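Comments concern the structure below.
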Amino acid sequence: MAAALWHRARIGVLCSASRLLNLPRLAVRLPVRGAATDSGASPVVVRDEDIDEKHVRGWGNGGQKLNKTSSCVQLTHRPTGTMVVCQDTRSLHQNRKIAMKRLREKLDLQQNGAASKIGKQVAKLRARKHKRRQRARKKYGSAADAAADDEPCGTEPT
Amino acid sequence: MPRSPANNTLAPLLRQLAGKLGDRQAASELRWMAAHVRKTLGDTAARTEHSGAQYRRARLWRDQPAPSTEEADLDARRFSSVQWAWLRQAVADRVEKHKPLQYILGSQPFGKTEIGVRSPVLIPRPETEEWVLRLAESLAAHHAARPPPPPGAPSPPLSILDACTGSGCVALGLASELPPGAARIAGVDVSADALALALSNQTRNAAVLNNEVEFHQIDLLAADTASRLEALRPGGWDMIVANPPYVTPAEYRGLDADVRDWEDVRALVPMPLRVADELDPSGVSFIERLAVLARALRLAREGALASPALPRLVVEIGGAKQTEPARQAMHDNGFGRTEVWKDMAGTDRAVLGYAEK
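Which chain is which? The protein sequence lines are X and R, in order. If you're matching positions, the first sequence starts at 1 in full-length UniProt numbering and goes up one per residue. If you're matching positions, the second sequence starts at 1 in full-length UniProt numbering and goes up one per residue.
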């Protein structure tokens with residue numbers, strides 16, 4: 001503990017010294033305790049070249065002759081064959097953003113399984129539901145189980 | 001949570017829409033109407049985003065395909081009576097009067113902008129959005145690759161004319177996609193209605209516009225057009241882009257009521273140069289007129305622009321039947337080379353004229 005503090009203080013001095021003397025800042029790595037990578041989740045790297053983007057319209061010859069509204073973005077990640085579709089909004093721009101977000105979530109899930117962002121959230125939800133049921137059981141006995149089941153998942157904000 | 005009366009349910013509304021649009025399109029449109037009414041007429045329940053996102057994540061975990069946001073959006077318990085009244089009226093307008101959804105919702109997304117729309121100004125088409133974004137990408141690449149200008153003399157912005165601007169979508173779309181200072185864009189239209197709308201769209205999207213845009217009322221079919229356009233930009237024009245009317249009179253008679261009953265015929269069918277003349281049966285007369293104007297404004301002269309590889313005239317067309325006449329008109333007016341861009345349905349959608357061979 002003391003050693004880490006000492007390291008930090010030393011780096012602090014170096015940084016401020018370099019600022020005074022206009023030296024380029026040194027990029028120093030401190031050994032950080034309790035890092036976020038404890039569960040072994042690796043970051044998802046998605047390259048633009050790996051993605052095929054297709055915009056699908058439901059009609060053929062449109063142009064000025066039609067004013068139907070729809071916009072469907074289909075992204076395919078070629079290396080893994082993952083495909084996501086988004087036709088939530090009327091904006092191509094927004095659909096693209098949402099599709100990219102979903103692609104990342106899906107790839108995260110594939111790559112990291114239980115350690116992914118979604119996996120952790122599901123685990124948290126399960127733990128919360130379990131705790132709630134335990135608490136109800138302790139207070140009111142086993143009849144409370146039926147009541148606990150009626151609560152929809154996610155009544156409390158995440 | 002107040003309970004809605006039994007006669008306020010979404011199922012009959014969905015059925016009405018599906019009769020006109022089919023199930024899938026009806027569901028999407030009802031969802032967008034619901035989202036719109038919640039946004040504009042107030043939304044008291046704040047749980048939507050969370051519950052929708054959690055449903056989706058839980059399903060992904062169970063390896064089911066991620067649903068769209070229908071469940072949260074169409075939660076019928078969450079509409080007030082005012083919102084129900086709006087929804088019923090909107091569906092009635094959509095089904096009985098064939099009012100386009102974009103006019104009901106009042107806007108259409110176009111690139112990064114949100115274009116306000118109202119009848120009879122033409123609703124921005126996704127085909128137009130496609131070539132405008134592609135053109136912006138190409139222009140932005142050229143702008144990035146240009147040789148660095150000498151200090152104290154920044155490279156002049158491109159003078160771009162958006163003919164038949166209507167709601168202003170092409171001008172504003174380009175202004176928002178191009179890097180700052182790349183262009184000075186002017187949109188012109190014959191209709192005062194359209195110009196009022198274009199100006200309000202400029203204000204509405206001010207936050208995303210990187211480049212200057214101005215709007216003027218000019219009749220492109222009048223005899224003095226070329227001189228009026230020259231007066232607008234004494235330094236000369238670099239490029240004309242346009243989504244001119246190109247529907248043939250025969251096609252117009254066969255159009256859906258959604259289009260024919262609500263959008264300006266002058267935005268769809270090219271009018272003759274002289275009032276007493278016949279309508280052009282091929283629909284390319286306005287495109288030819290633009291090629292003639294481009295020559296009058298000396299756009300086809302070689303060596304004028306810093307980057308000769310840029311197109312000078314970009315015009316939307318109505319499919320393969322118009323490709324050859326459009327290309328011919330450009331060649332006849334001094335453009336050395338022409339190119340055709342297809343839209344995502346594989347239809348010929350834009351013809352570009354270059355000064356160089």
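Virtual Cβ for every residue (Gly too), placed ideally from N, Cα, C. Please read these numbers as outputs of a predicted model, since none were measured by experiment.
Taking ILE185/R as the reference, which of ARG233/R, GLU129/R and VAL292/R has the closest Cα?
ARG233/R
Throw me the rounded Cβ distance for the VAL247/R and ASN67/X pair, which I believe falls under 8 angstroms.
Actually they do not touch by this definition, with Cβ atoms about 12 angstroms apart.
Just to make sure I have the definition right: I need the residues of chain X whose C-beta is within less than 7 angstroms of the C-beta of TYR354/R. Which are they?
Per Cβ cutoff of 7 angstroms: no residues; TYR354/R is ~23 angstroms from chain X at best.
May I have the straight-line CA-CA distance separating ASP52/X from ALA276/R, to the nearest angstrom?
52 angstroms
Mind checking ALA103/R: buried by the 16 CB within 10 Å criterion, or exposed?
Checking the sequence shown, residue 103/R turns out to be Tyr, not Ala. So TYR103/R ends up on the buried side.
Let's see if you can read the secondary structure: which residues bound the beta strand (DSSP E) around TRP341/R?
337 to 342
Within this structure, are the beta carbons of GLY181/R and PRO150/R separated by less than 8 angstroms?
no
List the residues of chain X that THR225/R touches, going by C-beta distances under 7 angstroms, in chain order.
Under the 7 angstroms cutoff, chain X gives no residues; its nearest Cβ is about 22 angstroms from THR225/R.
Where do the N-terminal and C-terminal ends of the alpha helix (DSSP H) with PRO126/R fall, by residue?
126 to 145
DSSP state of ARG73/X, grouped into three classes?
The question names Arg, but residue 73/X is Val in the sequence shown. In the structure shown, VAL73/X sits in a strand (DSSP, three-state: E or B).
Chain R within 8 angstroms of THR82/X, Cβ atoms only
no
What distance in whole Å lies between the Cβ atoms of ARG57/X and ALA26/R, which are believed to be in contact at a cut-off of 8 angstroms?
Their Cβ separation, rounded to whole angstroms, is 17 angstroms, which puts ALA26/R and ARG57/X out of contact at 8 angstroms.
With 16 other CB atoms within 10 Å as the buried threshold, where does LEU293/R fall?
buried
Length of the line joining the Cα atoms of ALA267/R and CYS164/R
8 angstroms
Residue of LEU209/R, LYS112/R, VAL37/R and ALA11/R minimising C-alpha distance to SER91/X
LYS112/R
GLN111/X versus ALA41/X - alpha carbon distance
8 angstroms
Take ASN210/R and list the residues in its own chain whose beta-carbon comes closer than 7 angstroms to its own, dropping the five residues that flank it on each side.
ALA175, SER176, LEU178, PRO179 and PRO180
Looking at the structure shown, is ASP261/R part of a helix, part of a strand, or coil, going by DSSP?
coil
Buried or exposed: where does TYR140/X fall if 16 or more other Cβ atoms within 10 Å of its Cβ makes it buried?
exposed
Test: THR76/X CB closer than 8 angstroms to a CB of chain R
no
Starting from LYS97/R and walking both ways along the beta strand (DSSP E), at which residues does that stretch end?
First-last for LYS97/R: undefined, no H or E at that position.
Output, in chain order, the set of chain R residues within a Cβ distance shorter than 9 angstroms of GLY141/X.
Under the 9 angstroms cutoff, chain R gives no residues; its nearest Cβ is about 29 angstroms from GLY141/X.
Does the structure place the segment 204 to 219 of chain R close enough to the segment 121 to 139 of chain R that three or more beta carbon pairs sit under 8 angstroms?
no
Output the distance between the C-alpha atoms of GLN322/R and GLN108/R, rounded to the nearest integer angstrom.
27 angstroms
Alpha carbon to alpha carbon, what distance is there between ILE160/R and ASP238/R?
6 angstroms
At a Cβ cut of 9 angstroms, what residues of the segment 60 to 72 of chain X count as close to chain R, listed as they run along the chain?
GLY60, ASN61, GLY62, GLY63, GLN64, LYS65, LEU66, ASN67, LYS68, THR69, SER70 and SER71
Taking the CB atoms as reference points, tell me whether VAL241/R and VAL188/R lie closer together than 8 angstroms.
no
In three-state DSSP terms, what is PHE110/R?
strand
Measuring straight from C-alpha to C-alpha, what distance separates THR347/R and ALA127/X?
54 angstroms
Can you tell me whether CYS169/R is helix, strand or coil according to DSSP?
helix
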